[in-house]
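Offset between the sequence shown (1-based) and the working numbering: plus 56.
All C-beta atoms in this analysis are idealised placements derived from N, C-alpha and C, irrespective of residue type, glycine included.
Since the structure comes first, as structure tokens, the remarks are kept for the end.
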Amino acid sequence: MPYHCDFSPGQKIYLDNPGSITLITLVSAGVGQQQQSSTQVHTGPWTETPQIARVSNGVLLRCVAAQGTFFWQIQGMQIEAAPTTAWVADQATPMQATELAPSPIAPMPPMPPMAPMQMGDMQMSSNPMTLRMGKMTLGLGTPAVNTPKFCTQCGAAIAQGDRFCGSCGRQLP
Ligand SMILES: [Zn+2]
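Here it is as structure tokens:
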């Protein structure tokens, strides 16, 4: 189970215990970039929840593990072993368990904002489903049928292309 602590604005400490090592990772999220440094120490599995103590020049970590009690001092992005005498038990708090272990790969830069969709010259209609974009029309289903024509004089149906009404002989427009 990894542990983490926010120890200053934009800076986090992650502690993990994979196998028999203690992995300490510092992540500093500055403006526009992220720095990460980590240290591995062979400690054996932890036997207690790691503790953290704030001191005047940074923070101290304490891990009780199978191979003894380990102390580290963190200043900025530096992780160094600290002497036992540096530990201030009355300032110590247990670290918080976290699911958010840092990924070993640098995070992707944020995606640039997407350009707005060009929807200007586009129309959609249904029944029949058509999509018109500029001069192009996509249609689904039956193709559009020309509206049937009828003679304005006698009302007889007129075939497409006829120039005269087949019933009354009126000239068609
Ligand atoms: Zn007619």
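Would you kindly check if the distance between the Cβ of residue j and the Cβ of residue i is under 9 Å?
| i | j | result |
| --- | --- | --- |
| residue 120 | residue 63 | no |
| residue 66 | residue 84 | yes |
| residue 123 | residue 100 | yes |
| residue 126 | residue 142 | no |
| residue 82 | residue 92 | yes |
| residue 77 | residue 96 | yes |
Per DSSP, what are the beta-bridge partners of residue i in this structure?
| i | result |
| --- | --- |
| residue 61 | 69 |
| residue 114 | 111 |
| residue 79 | 72 and 96 |
| residue 121 | 102 and 124 |
| residue 209 | According to DSSP, residue 209 bridges with nothing at all. |
Let me confirm a value: residue i is counted as buried when at least 16 other C-beta atoms fall within 10 Å, else exposed. Which label applies?
| i | result |
| --- | --- |
| residue 146 | exposed |
| residue 106 | buried |
| residue 72 | buried |
| residue 228 | exposed |
| residue 98 | exposed |
| residue 219 | exposed |
| residue 153 | exposed |
| residue 151 | buried |
| residue 206 | exposed |
| residue 131 | exposed |
| residue 129 | buried |
| residue 224 | exposed |
| residue 210 | exposed |
| residue 109 | buried |
Following the continuous beta strand (DSSP E) through residue i, name the residue where it begins and the one where it ends.
| i | result |
| --- | --- |
| residue 150 | 148-150 |
| residue 129 | 124-131 |
| residue 134 | 134-137 |
| residue 49 | Examination of residue 49 is not possible in this model, given that the chain is present from 57 through 229 alone. |
| residue 216 | Careful: residue 216 lies outside any beta strand (DSSP E) and carries neither H nor E. |
| residue 107 | 107-111 |
Would you say residue i touches ligand 1, meaning its beta carbon is less than 8 Å from a heavy atom?
| i | result |
| --- | --- |
| residue 211 | yes |
| residue 219 | no |
For residue i, verify whether its CB is less than 8 Å away from any heavy atom of ligand 3.
| i | result |
| --- | --- |
| residue 108 | This structure lacks ligand 3; its bound ligands are ligand 1. |
Taking only beta-carbon positions, decide if residue i is within less than 9 Å of chain B.
| i | result |
| --- | --- |
| residue 223 | Protein chain content of the structure displayed is limited to a single chain, and chain B is not contained in it. |
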